[in-house]
Amino acid sequence: MLKIARWSGQALFYAAAALLTGTFASWPSWSRLPEGAAQITVAFIHAGARKEACRKLSAEEIAQLPPRARRPSDCGRERVPLRFALVLDGRPIVARTLPPGGVLGDGPSRFYEKLMVAAGRHQLALQMADSGRLEGFDYEQYFEVDLRPGQNLAIDFQPDRGGFVMR
Numbered sequence: 010m011l012k013i014a015r016w017s018g019q020a021l022f023y024a025a026a027a028l029l030t031g032t033f034a035s036w037p038s039w040s041r042l043p044e045g046a047a048q049i050t051v052a053f054i055h056a057g058a059r060k061e062a063c064r065k066l067s068a069e070e071i072a073q074l075p076p077r078a079r080r081p082s083d084c085g086r087e088r089v090p091l092r093f094a095l096v097l098d099g100r101p102i103v104a105r106t107l108p109p110g111g112v113l114g115d116g117p118s119r120f121y122e123k124l125m126v127a128a129g130r131h132q133l134a135l136q137m138a139d140s141g142r143l144e145g146f147d148y149e150q151y152f153e154v155d156l157r158p159g160q161n162l163a164i165d166f167q168p169d170r171g172g173f174v175m176r
């Protein structure tokens, strides 16, 4: 008799735990985006051009260097900041100057931004200058996107693939 009561109590406890877990797994409903909204995520790491051009070393300068440090040219490490802009439906949404990373300003610039937009068809322009130029952009790409409600459009920058890439 005691064994039956123990098994019944254990079965009742597990049933209540499963019911409680099932209830909280499906209620309350939660969405990370409001109804009818989509998200555009832009994230990239890219190094701008060097601030100073590399200088060819003469034979005398190379000879003065220690044997393990001999190299044909001397290149400064510091890089130029990137200029990035995102235009959505003709309105500038993001316009930033991204400083180079690292203590000496010799690392790549980093960018990460999430934008919440209305779902639907949009004209998207992505622009970036990585050469230090003050006017215009080195990379300009235009896309027409059709975003579904709840969709997350991820955008990356890959210069070997032509610039901005959508996933």
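Going by my numbering, the sequence shown opens with residue 10, and the numbers climb by one from there.
Ideal placement from N, C-alpha and C gives every residue a C-beta, glycine not left out.
7 Å CB neighbourhood of residue i in its chain, flanking five on each side removed
i: Ala127; result: Gly45 and Ala46
Straight-line Cα distance separating residue j from residue i
i: Arg77; j: Ile164; result: 42 Å
i: Ala24; j: Pro158; result: 37 Å
i: Leu74; j: Lys60; result: 24 Å
i: Ile49; j: Phe22; result: 45 Å
i: Tyr121; j: Arg176; result: 15 Å
i: Gly31; j: Lys12; result: 28 Å
i: Arg100; j: Gly57; result: 26 Å
i: Phe146; j: Glu69; result: 40 Å
i: Pro168; j: Ala27; result: 51 Å
i: Pro177; j: Phe33; result: Because the chain is modelled from 10 through 176, residue 177 falls outside the range shown and cannot be assessed.
i: Arg142; j: Arg119; result: 19 Å
i: Gly85; j: Ser140; result: 15 Å
i: Ser17; j: Trp36; result: 28 Å
i: Asp98; j: Gly111; result: 35 Å
i: Leu162; j: Tyr151; result: 15 Å
Residue i versus the options, residue with shortest Cα-Cα distance
i: Leu4; options: Asp98, Gly116 and Leu124; result: It is not possible to answer for residue 4, since the shown part of the chain is limited to 10 through 176.
i: Asp83; options: Ala62, Asp98, Leu95 and Gln19; result: Ala62
8 Å Cβ shell around residue i - same chain, five flanking residues per side excluded
i: Glu153; result: Arg130, His131, Gln132 and Leu133
i: Pro81; result: Lys65, Leu66 and Ile71
Contact belief for residue i with residue j at Cβ below 8 Å, rounded distance in angstroms
i: Leu91; j: Ala138; result: 7 Å
i: Leu95; j: Val103; result: 4 Å
i: Arg79; j: Asp115; result: The Cβ separation is near 21 Å, so there is no contact.
Chain-order list of residues whose beta-carbon lies under 6 Å from that of residue i (same chain, five-residue window excluded)
i: Glu149; result: Gln136
i: Phe166; result: Phe53, His55 and Phe173
i: Arg105; result: Phe93
i: Asp155; result: Arg130
### Query
At what residue ranges does the region 84-149 contain a whole run of the beta strand (DSSP E), taking only runs of 3 or more?
91-97, 100-107, 118-127 and 129-138
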